[in-house]
Amino acid sequence: MNGRFGIHGGQYVPESLMGALKELEEAYNFYKNDPTFNAELTALFNDYAGRPSRLYFAKKLTRELGGAKIYLKREDMNHTGAHKINNVLGQALLAKKMGKTHLIAETGAGQHGVASATAAALMDMECTVYMGQEDIERQALNVYKMELLGAKVVPVTSGTGTLKDAVSEAMCAWGRCVKDTHYCLGSSVGPHPFPMIVRDLQAVISKEIKAQILTAEGRLPDVVMACVGGGSNAIGTFYHFIDEPGVQLIGCEAAGRGVDTLETAATISTGGVGIFHGMKSYFCQNEDGQIAPVYSISAGLDYPGIGPEHAGLYDSGRAQYVPVTDDEAVEAFEYLSRMEGIIPAIESSHAVAHAMKIAPAMDKDKIIVITLSGRGDKDCAAIARYKGGKLYE
Ligand SMILES: *Cc1c(COP(=O)(O)O)cnc(C)c1O
Numbered sequence: 176m177n178g179r180f181g182i183h184g185g186q187y188v189p190e191s192l193m194g195a196l197k198e199l200e201e202a203y204n205f206y207k208n209d210p211t212f213n214a215e216l217t218a219l220f221n222d223y224a225g226r227p228s229r230l231y232f233a234k235k236l237t238r239e240l241g242g243a244k245i246y247l248k249r250e251d252m253n254h255t256g257a258h259k260i261n262n263v264l265g266q267a268l269l270a271k272k273m274g275k276t277h278l279i280a281e282t283g284a285g286q287h288g289v290a291s292a293t294a295a296a297l298m299d300m301e302c303t304v305y306m307g308q309e310d311i312e313r314q315a316l317n318v319y320k321m322e323l324l325g326a327k328v329v330p331v332t333s334g335t336g337t338l339k340d341a342v343s344e345a346m347c348a349w350g351r352c353v354k355d356t357h358y359c360l361g362s363s364v365g366p367h368p369f370p371m372i373v374r375d376l377q378a379v380i381s382k383e384i385k386a387q388i389l390t391a392e393g394r395l396p397d398v399v400m401a402c403v404g405g406g407s408n409a410i411g412t413f414y415h416f417i418d419e420p421g422v423q424l425i426g427c428e429a430a431g432r433g434v435d436t437l438e439t440a441a442t443i444s445t446g447g448v449g450i451f452h453g454m455k456s457y458f459c460q461n462e463d464g465q466i467a468p469v470y471s472i473s474a475g476l477d478y479p480g481i482g483p484e485h486a487g488l489y490d491s492g493r494a495q496y497v498p499v500t501d502d503e504a505v506e507a508f509e510y511l512s513r514m515e516g517i518i519p520a521i522e523s524s525h526a527v528a529h530a531m532k533i534a535p536a537m538d539k540d541k542i543i544v545i546t547l548s549g550r551g552d553k554d555c556a557a558i559a560r561y562k563g564g565k566l567y568e
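Numbering of the sequence shown is given in the numbering used here, commencing with residue 176 and proceeding in unit increments.
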């Protein structure tokens, strides 16, 4: 069935939203094969976002770890500093073609809100961003950026006033204004067709990796890996390798203070099957099936679910998902900074941390590609505090 990944996915939404999802799916199915749309999208990717992003051989890191060769896919070099721009440029262009004049988006830490506000500014659209009250207070700089870019930030006070509540609120709001508005969802989650659209837009990552590694090494990598929040940079990293059985796919989840504590966001390791935000997938939940509060040092991975395509890849055994703690991610954040002069986002540091665990035991002729989903400038103050330092923003 359309939009299903094994038992996962689907469209578990109120009837009032079904029309909007259908309109979106039809428009997307048309434009994804439209040469003009694709030419415009490629121009935006290349001229505005700075694609293709580099595939960098981390020579020093490889030598120090003493095992597999490690390449870094540099999504941190994109305009606005992360992979999120790939998704918002595609969705904003699609919305524009559909005659929409307004984008709404949800945001947790503010990264997707800033990316959406950026695309809206570029394409001359209105933009409203739903953000939890709690997050608004924690992420003042990103609120300022969104407003600077011309977006309106709407505080969400329901639930815990964080990302999951912002998603629920944005979905509700979309139902009231679908006529002129597109909901620019920020990860490969939610009801069909969102997980498919976001995956297709982020699949540029694996498309480029494949071509770049063939040029550099003349063969495919043994492992590709990425951090997983909702799963968009990871599914983008996996996509063109799913049908290459020789390539191992590894998603790195945020374990927070550990998978045996309640302060975790490791969905596959600790969650169960459920239905939330319009999709069937794995979610962190209590025994009544209520969505559990999640925790990670990394705001971008602090989501209680995982995209349905990942849930399907996990069930089938095609991809593997591993937990990485705050402490391990912080160590990797510092290690990569010192080793390669590259400060990774704390989200991406989760993937670096797992590579640090597995690379030393692998043969020197094996190849690992890690997607660096974003840059770490935004995290420096928080990591300094975590380490007991005093750095004021
Ligand atoms: C938002 C974000 C993530 C997590 O989102 P996914 O949809 O799982 O990719 C990871 N890394 C960075 C830098 C982010 O901003």
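Where a beta carbon is used, it is the ideal one built from N, C-alpha and C, also for glycine.
Closer than 7 Å: residue i CB and nearest ligand 1 heavy atom
{"i": "Glu522", "result": "yes"}
{"i": "Lys259", "result": "yes"}
{"i": "Ala429", "result": "no"}
{"i": "Ser548", "result": "yes"}
{"i": "Ser363", "result": "yes"}
{"i": "Asn408", "result": "yes"}
{"i": "His287", "result": "yes"}
{"i": "Leu268", "result": "no"}
{"i": "Leu247", "result": "no"}
{"i": "Gly225", "result": "no"}
{"i": "Gly405", "result": "yes"}
{"i": "Leu264", "result": "no"}
{"i": "Leu424", "result": "no"}
{"i": "Leu488", "result": "no"}
{"i": "Gly350", "result": "no"}
{"i": "Leu476", "result": "yes"}
{"i": "Cys402", "result": "yes"}
Rounded Cβ spacing between residue i and residue j (contact assumed at less than 8 Å)
{"i": "Met252", "j": "Arg229", "result": "6 Å"}
{"i": "Ile517", "j": "Asp552", "result": "In fact, because the Cβ distance is near 11 Å, the residues do not count as touching under 8 Å."}
{"i": "Gln387", "j": "Ile410", "result": "The pair is not a contact, with the Cβ atoms about 19 Å apart (cut-off 8 Å)."}
{"i": "His254", "j": "Gly361", "result": "Wrong, their Cβ atoms sit about 16 Å apart, outside the cutoff."}
{"i": "Leu236", "j": "Met514", "result": "5 Å"}
{"i": "Ala520", "j": "Ala257", "result": "7 Å"}
{"i": "Lys248", "j": "Ile380", "result": "6 Å"}
{"i": "Ile558", "j": "Val505", "result": "6 Å"}
{"i": "Ile545", "j": "Met400", "result": "5 Å"}
{"i": "Ser456", "j": "His183", "result": "5 Å"}
{"i": "Val329", "j": "Glu322", "result": "The Cβ separation is near 12 Å, so there is no contact."}
{"i": "Gly475", "j": "Gly393", "result": "So it is not a contact: roughly 34 Å between Cβ atoms."}
{"i": "Asp397", "j": "Val422", "result": "7 Å"}
Own chain residues within Cβ distance below 8 Å of residue i, not counting five before or after
{"i": "Ala295", "result": "Ala267, Leu278, Glu301, Cys302, Leu324, Gly325 and Ala326"}
{"i": "Glu383", "result": "Arg226, Pro227, Ser228, Leu230 and Lys248"}
{"i": "Phe508", "result": "Ile518, Pro519, Ile521, Ser524, Val527, Gly551, Asp554 and Ile558"}
{"i": "His415", "result": "Ala378, Ser381, Lys382, Ile384 and Lys385"}
Sequence-distant residues of the same chain with beta carbon closer than 7 Å to residue i, five excluded per side
{"i": "Lys207", "result": "Asp375"}
{"i": "Pro535", "result": "Leu240, Gly241 and Gly242"}
{"i": "Glu419", "result": "Leu395"}
{"i": "Ile245", "result": "Ala233, Leu236, Thr237, Ala530, Ala534, Ile543 and Ile545"}
{"i": "Glu215", "result": "Leu268"}
{"i": "Phe180", "result": "Pro483, Glu484, Ala486 and Gly487"}
Per DSSP, cross-strand counterpart(s) of residue i
{"i": "His183", "result": "Phe180"}
{"i": "Gly447", "result": "Phe458"}
{"i": "Val328", "result": "Val304"}
{"i": "Phe205", "result": "Answer is none; Phe205 lacks a bridge partner."}
{"i": "Pro498", "result": "Glu428"}
{"i": "His277", "result": "Glu301 and Thr356"}
{"i": "Arg249", "result": "Leu547"}
{"i": "Gly265", "result": "Bridge partners of Gly265: none, in fact."}
{"i": "Ile542", "result": "Lys244"}
{"i": "Leu199", "result": "Per DSSP, none; premise fails for Leu199."}
{"i": "Ala257", "result": "Gly549"}
Sequence-distant residues of its chain with Cβ nearer than 6 Å to residue i (five each side left out)
{"i": "Asn317", "result": "Gly285 and Val289"}
{"i": "Gly334", "result": "Asp340"}
{"i": "Leu219", "result": "Leu264"}
{"i": "Arg432", "result": "Glu438"}
{"i": "Glu503", "result": "Ala528"}
{"i": "Met298", "result": "Ala267 and Lys271"}
{"i": "Ala195", "result": "Val353"}
{"i": "Glu281", "result": "Tyr305, Ala341, Val342 and Ala345"}
{"i": "Gly336", "result": "Gly307, Gln308 and Glu309"}
{"i": "Ser473", "result": "Ala429, Ile521 and Glu522"}
{"i": "Ile135", "result": "No information on residue 135 is available, as it lies outside the stretch 176 to 568 that the chain covers here."}
{"i": "Tyr187", "result": "Ile450 and Gly453"}
Checklist entry - Is it a yes or a no for the region 369-381 touching the region 251-267, going by three-plus beta-carbon pairs under 8 Å? => result Between the region 369-381 and the region 251-267, the count of Cβ pairs shorter than 8 Å is three or higher; the stretches touch.
Next on the checklist: Any contact between the region 444-457 and the region 360-368? By contact I mean 3 or more CB pairs, one from each, below 8 Å.
Outcome noted: yes
Checklist entry - Using 8 Å as the threshold, is the region 426-445 in touch with the region 478-496, meaning 3 or more CB pairs across them? => result yes
Next on the checklist: Three or more C-beta pairs under 8 Å: does that hold for the region 553-566 against the region 526-543?
Outcome noted: no
Item to check | the region 351-361 touching the region 458-478, judged by at least three CB pairs closer than 8 Å | outcome: no
Next on the checklist: When you compare the region 436-444 with the region 477-484, are there three or more beta-carbon pairs, one atom per stretch, that lie closer than 8 Å?
Outcome noted: yes
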